[in-house]
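Chemist:
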Amino acid sequence: MFHDIEYRVEGAVALILHDRPEARNAESKRLLDEMDSALAKAVADPDVRAIIIGGNGPHFSAGHDLKEAQRERQNFTVEERWAYEERRYFDYALRIWDCPKPTIARVQGACVAGGFMVANMCDLLVASDDAFFADPVVRTLSAAAVEVLVHPWVMGLRSAKEFLFTGERMTAEQAHAIGMVNRVVARETLEDETMALAQKIAETPPFALRLVKRSLNRSFDAQGFRTALSAHFDLHQLSHVSDEFARNRGSGLAEAIERAKG
Ligand code: ZN
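The structure is reproduced here in structure tokens:
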């Protein structure tokens, strides 16, 4: 029923896994649509009490599928791009954030740009020791980061600035040190450790857990989380139509695609 993701339920835990390992789990239109459907399925299933979002193969996700974007959306009008990105990037991501059930990102290998955005929408993040995080699109594409600027909220302001201004990779250990990652585990034990954590959380009384998640997320809303994300989405759209973006898009995309192959 799904092509670009794998969905399965083990006991009380649903797994939603990027499943395009041959493309470093690049997030195609279909992958994002399927992930959103799978999330709704997990929410609707009364037996599911915790959700893991991960990726099959060596990487979590290298980000949005730029090859597909170049092929199918390069000539989008401003209005078309806005609609596409608002639905698939912004609304889908926030649905993970707002999910009434607890979510855990299970991250190995690359967790880049659009993939970084999805992983950081989850409540908890477990990373293997080979995981790395990056959002290089300011430098490579002249885009104002990704569509959902969750970075300062999960990394702290200074780390977010360094991360975005330099485009450098952050290791799992570094991400753990700044509090973005809950646990770093050996690559061989990532699946088991994440499942054990999900099962433990699945035993927590679900209504109380749902309420405390709401309250915790509202503590961010009280600080302007949603307003700031919405404002960034608008500026991100401006960055897509800047002269700088138009100048760098060709070489930046080619470079990003080349990197994705390697
Ligand atoms: Zn965009």
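Read left to right, the sequence shown gives residues 4 to 265 (this note's numbering).
Glycine included, C-beta positions come from ideal geometry on N, C-alpha and C.
Treat the numbers as computed from the prediction; the structure is a model and nothing was measured.
Enumerate in chain order the residues of its own chain whose CB-to-CB distance from E37 is below 6 Å, with the five nearest sequence positions on each side excluded.
Modeler: So the qualifying residues of the chain are F5, D7, I8.
Chemist: Could you tell me if the beta carbon of V149 falls within a distance shorter than 8 Å of some heavy atom in the ligand ZN?
Modeler: yes
Chemist: Between the C-alpha atoms of Q202 and A15, what's the straight-line distance to the nearest angstrom?
Modeler: 7 Å
Chemist: A234: which of E176, L214, R221, V149 sits nearest, CA to CA?
Modeler: V149
Chemist: Measuring only the C-alpha atoms, how far is Q177 from L167?
Modeler: 15 Å
Chemist: I need the straight-line Cα distance from D101 to Y92, nearest angstrom please.
Modeler: If you draw a straight line from the Cα of D101 to the Cα of Y92, it comes to about 14 Å.
Chemist: If distances are taken between C-alpha atoms only, which option among Y95, V81, A257 comes closest to H239?
Modeler: V81
Chemist: For R217 and P208, what's the separation of their Cα atoms in angstroms?
Modeler: 14 Å
Chemist: Return yes when the Cβ of I204 is within less than 9 Å of the Cβ of I107, no when it is not.
Modeler: yes
Chemist: By the three-class DSSP mapping on this structure, what secondary structure does E9 have?
Modeler: strand
Chemist: For the candidate residues A130, R229, L160, M173, whose alpha-carbon lies nearest to that of V184?
Modeler: A130
Chemist: With respect to 8 Å, is the separation between the Cβ of Y92 and the closest non-hydrogen atom of the ligand ZN below this value?
Modeler: yes
Chemist: Within the present structure, is the beta-carbon of A201 separated from the nearest heavy atom of the ligand ADP by less than 8 Å?
Modeler: Among the ligands in the structure shown, the ligand ADP does not appear; only the ligand ZN can be found there.
Chemist: Along the chain, which unbroken stretches of the beta strand (DSSP E) at least 3 residues long are found entirely within the region 133-204?
Modeler: 135-137, 186-188
Chemist: Here's the rule I'm using: 16 or more other beta-carbon atoms within 10 Å means buried, otherwise exposed. How should P49 be labelled?
Modeler: exposed
Chemist: Run through DSSP, which three-state label would R109 get?
Modeler: In the structure shown, R109 sits in a strand (DSSP, three-state: E or B).
Chemist: Along the chain, which unbroken stretches of the alpha helix (DSSP H) at least 4 residues long are found entirely within the region 47-124?
Modeler: 69-75, 81-88, 95-100, 117-122
Chemist: Confirm, please, whether the CB-CB distance from D22 to N59 is below 9 Å.
Modeler: yes
Chemist: Distance check for S40 and A257, CA to CA, integer angstroms please.
Modeler: 31 Å
Chemist: Does DSSP put S242 in a helix, a strand or coil?
Modeler: Looking at S242 - three-state DSSP - the assignment turns out to be helix.
Chemist: Measure the beta-carbon distance from R2 to G170 and round it to whole angstroms, keeping in mind my assumption that it falls under 8 Å.
Modeler: Given a span of 4 to 265 for the chain in the structure shown, any question on residue 2 remains unanswerable.
Chemist: Going by DSSP, what residues sit across from V16 in a beta bridge?
Modeler: E13, A53
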